[in-house]
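S.K.: One structure follows; several queries about it will come next.
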Amino acid sequence: MDSLDQFEACIISGAIGDAWGSSYENEVETDDSHIYYLGKRSIKQRVWSITDDTQMTLATCEVLSESSFTPENLINKFIEYYRSRKLTGIGASTLKAILDTEAGIHWSQAGRIGEFAAGNGGAMRIAPFAFFSDITRQNIYEACKVTHRNDEAFSGALAVFLSIKAILNSEWNGNNNLFDIIIPEIPDTNIKDRLIEINSAGNNSSISEISKLGNNGYVVNSVPFAIYCSTKIIDLGMEEMFKQIISSGGDTDTNASIAGQIAGTLIGTKDIPQELISKLKKLPDYQWIKQIIDTTKQKIS
Numbered sequence: 004m005d006s007l008d009q010f011e012a013c014i015i016s017g018a019i020g021d022a023w024g025s026s027y028e029n030e031v032e033t034d035d036s037h038i039y040y041l042g043k044r045s046i047k048q049r050v051w052s053i054t055d056d057t058q059m060t061l062a063t064c065e066v067l068s069e070s071s072f073t074p075e076n077l078i079n080k081f082i083e084y085y086r087s088r089k090l091t092g093i094g095a096s097t098l099k100a101i102l103d104t105e106a107g108i109h110w111s112q113a114g115r116i117g118e119f120a121a122g123n124g125g126a127m128r129i130a131p132f133a134f135f136s137d138i139t140r141q142n143i144y145e146a147c148k149v150t151h152r153n154d155e156a157f158s159g160a161l162a163v164f165l166s167i168k169a170i171l172n173s174e175w176n177g178n179n180n181l182f183d184i185i186i187p188e189i190p191d192t193n194i195k196d197r198l199i200e201i202n203s204a205g206n207n208s209s210i211s212e213i214s215k216l217g218n219n220g221y222v223v224n225s226v227p228f229a230i231y232c233s234t235k236i237i238d239l240g241m242e243e244m245f246k247q248i249i250s251s252g253g254d255t256d257t258n259a260s261i262a263g264q265i266a267g268t269l270i271g272t273k274d275i276p277q278e279l280i281s282k283l284k285k286l287p288d289y290q291w292i293k294q295i296i297d298t299t300k301q302k303i304s
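Each step along the sequence shown adds one to the number in my numbering, with nothing skipped, and position 174 is 177.
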């Protein structure tokens, strides 16, 4: 499997997770088997649609394929997407960074700071960086900082980047322990503590059990959970992995998207279930997704 196929699988699987998860976001599966319904029970119609998880990942792809990375280029691309109505459901920290930068504030001072910037918005769009050979830790820091000036947000983004790098560098093959590989590289943060806690629980824990530690949009709850879910890909397969992530509730679109990006990189395009690809292809955004994937693949080195 070559890195170009892995890149395509990363973006496609992330988009599938995002689109599927977005129709369940912040819902919790409940047992209503003991409830008596008067008349026929109503079933909510689920509509797949991509959100900012995929959209900002695609924006990142565009920046990396157009020129050498700079934080200015990245935030300007986000502004371009925002003004073109290409962003759906962006978080408060990202929105403030876009508006502040447009108002003339330097990217390094724009947006929210501290606990208000501890979301998963940096982590959800960092994956494309792993496929470019000249990317440094400082690049990851700056790519996160343009919208999230918070050490936890950076550590979460770094953890996703390192997870994908571990696959591309043939360090993680789906059978050994991914957490043992990435934990030593993460700064001393709550992200690192949560990764250690999950690792201590052992790889036999279910996705549902790990979700009880937290799986909402707070980066400390979201990213370690999503990474753990990705490690179940060999045992569960992609469809079942997504089902279990979504049934756990929380920030379902971002959690499924990040897990999909990592798992997709590991298994490649041939092992993504065809029925999931077919559902993604029905979305009006699919041709746009595929076009950016193809353009970016030409620039990956």
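Note that CB positions come from ideal geometry on N, CA and C, so glycine has one too.
Helix, strand or coil for residue 275, going by three-state DSSP, please let me know.
M.R.: Looking at residue 275 - three-state DSSP - the assignment turns out to be coil, as it is neither helix nor strand.
S.K.: Going by the beta-carbon positions, is the gap between residue 264 and residue 108 smaller than 8 Å?
M.R.: No; because the gap between Cβ atoms is not below 8 Å, this pair is not in contact.
S.K.: DSSP beta-bridge partners for residue 122?
M.R.: Answer is 221, bridged to residue 122.
S.K.: Run the CB neighbour count on residue 112, radius 10 Å, all protein chains shown included, and call it buried at 16 or more, exposed below.
M.R.: It is exposed - the Cβ of residue 112 has fewer than 16 other Cβ atoms within 10 Å.
S.K.: Between the Cα of residue 102 and the Cα atoms of 80, 123, 118, which residue gives the shortest distance?
M.R.: Cα-wise, what sits closest to residue 102 is 80.
S.K.: Leaving aside the five residues before and after residue 110 along the sequence, list all residues of the same chain whose C-beta is less than 7 Å from its C-beta, in chain order.
M.R.: Excluding sequence neighbours, residue 110 sits near 74, 75, 78, 104, 149.
S.K.: Considering only residues of the same chain and omitting the five flanking positions on each side of residue 68, which have a CB-CB separation below 6 Å?
M.R.: Result list for residue 68: 298, 299, 302, in chain order.
S.K.: Report all residues from its chain with a CB closer than 6 Å to the CB of residue 231; omit the five preceding and five following residues, and keep chain order.
M.R.: Here the set comprises 201, 213.
S.K.: Answer yes or no: do residue 159 and residue 226 have a C-beta to C-beta separation smaller than 8 Å?
M.R.: In contact: residue 159 and residue 226 (Cβ atoms closer than 8 Å).
S.K.: Let me check understanding here. Comparing Cα to Cα, which of 87, 115, 84 lies closest to residue 99?
M.R.: Checking every option, the nearest Cα to that of residue 99 belongs to 115.
S.K.: The alpha helix (DSSP H) with residue 86 in it runs from where to where?
M.R.: From DSSP, the alpha helix (DSSP H) with residue 86 extends over 74-86.
S.K.: Below 8 Å between beta carbons: does that hold for residue 221 and residue 122?
M.R.: The answer is yes: Cβ separation under 8 Å.
S.K.: Going by C-alpha to C-alpha distance, which of 293, 256, 243 sits closest to residue 276?
M.R.: Nearest of 293, 256, 243 to residue 276, Cα basis: 243.
S.K.: So what does DSSP say about residue 197, is it helix, strand or coil?
M.R.: DSSP places residue 197 in helix when its eight states are reduced to three.
S.K.: Can you give me the C-alpha to C-alpha distance between residue 16 and residue 53, rounded to a whole angstrom?
M.R.: When rounded, the distance between both Cα atoms is 12 Å.
S.K.: What number of angstroms, rounded off, separates the C-alpha of residue 208 from the C-alpha of residue 237?
M.R.: Their Cα atoms are separated by approximately 14 Å.
S.K.: Can you tell me whether DSSP reads residue 189 as helix, strand or coil?
M.R.: In this structure, residue 189 counts as coil in the three-state DSSP scheme.
S.K.: Rounded to whole angstroms, what's the CA-CA distance from residue 153 to residue 140? Just pull it up for me.
M.R.: Straight-line Cα distance between these residues: approximately 15 Å.
S.K.: Using the Cα positions of residue 245 and residue 229, report the straight-line distance between them to the nearest angstrom.
M.R.: When rounded, the distance between both Cα atoms is 10 Å.
S.K.: CB residue 91 to CB residue 260, shorter than 8 Å?
M.R.: No, they are not a contact pair.
S.K.: In terms of alpha-carbon separation, which member of 189, 64, 12 lies closest to residue 135?
M.R.: Comparing Cα-Cα distances from residue 135 to each of 189, 64, 12, the minimum goes to 64.
S.K.: Taking residue 27 as the reference, give the member of 9, 4, 51 with the closest Cα.
M.R.: Checked all of 9, 4, 51; the closest Cα to residue 27 is 51.
S.K.: Buried or exposed for residue 218, going by 16 or more other Cβ atoms inside 10 Å?
M.R.: Result: buried.
S.K.: DSSP state of residue 108, grouped into three classes?
M.R.: Reduced to three states, the DSSP call for residue 108 is coil.
S.K.: Expressed to the nearest angstrom, what Euclidean distance is found between the alpha-carbon atoms of residue 255 and residue 19?
M.R.: Each residue's Cα considered, the two are about 12 Å apart.
S.K.: Looking only at its chain, what residues have a beta carbon closer than 8 Å to the beta carbon of residue 206, apart from the 5 residues adjacent to it on each side?
M.R.: Result list for residue 206: 180, 234, in chain order.
S.K.: Label residue 22 either buried or exposed according to how many other C-beta atoms from any shown protein chain fall within 10 Å of its C-beta, with 16 as the threshold for buried.
M.R.: Classification for residue 22: buried.
S.K.: What is the DSSP secondary structure of residue 116, counted as helix, strand or coil?
M.R.: It is a strand residue.
S.K.: What does the Cβ neighbour count give for residue 294, buried or exposed, with the cut at 16 atoms within 10 Å?
M.R.: Exposed, by the Cβ-count rule.
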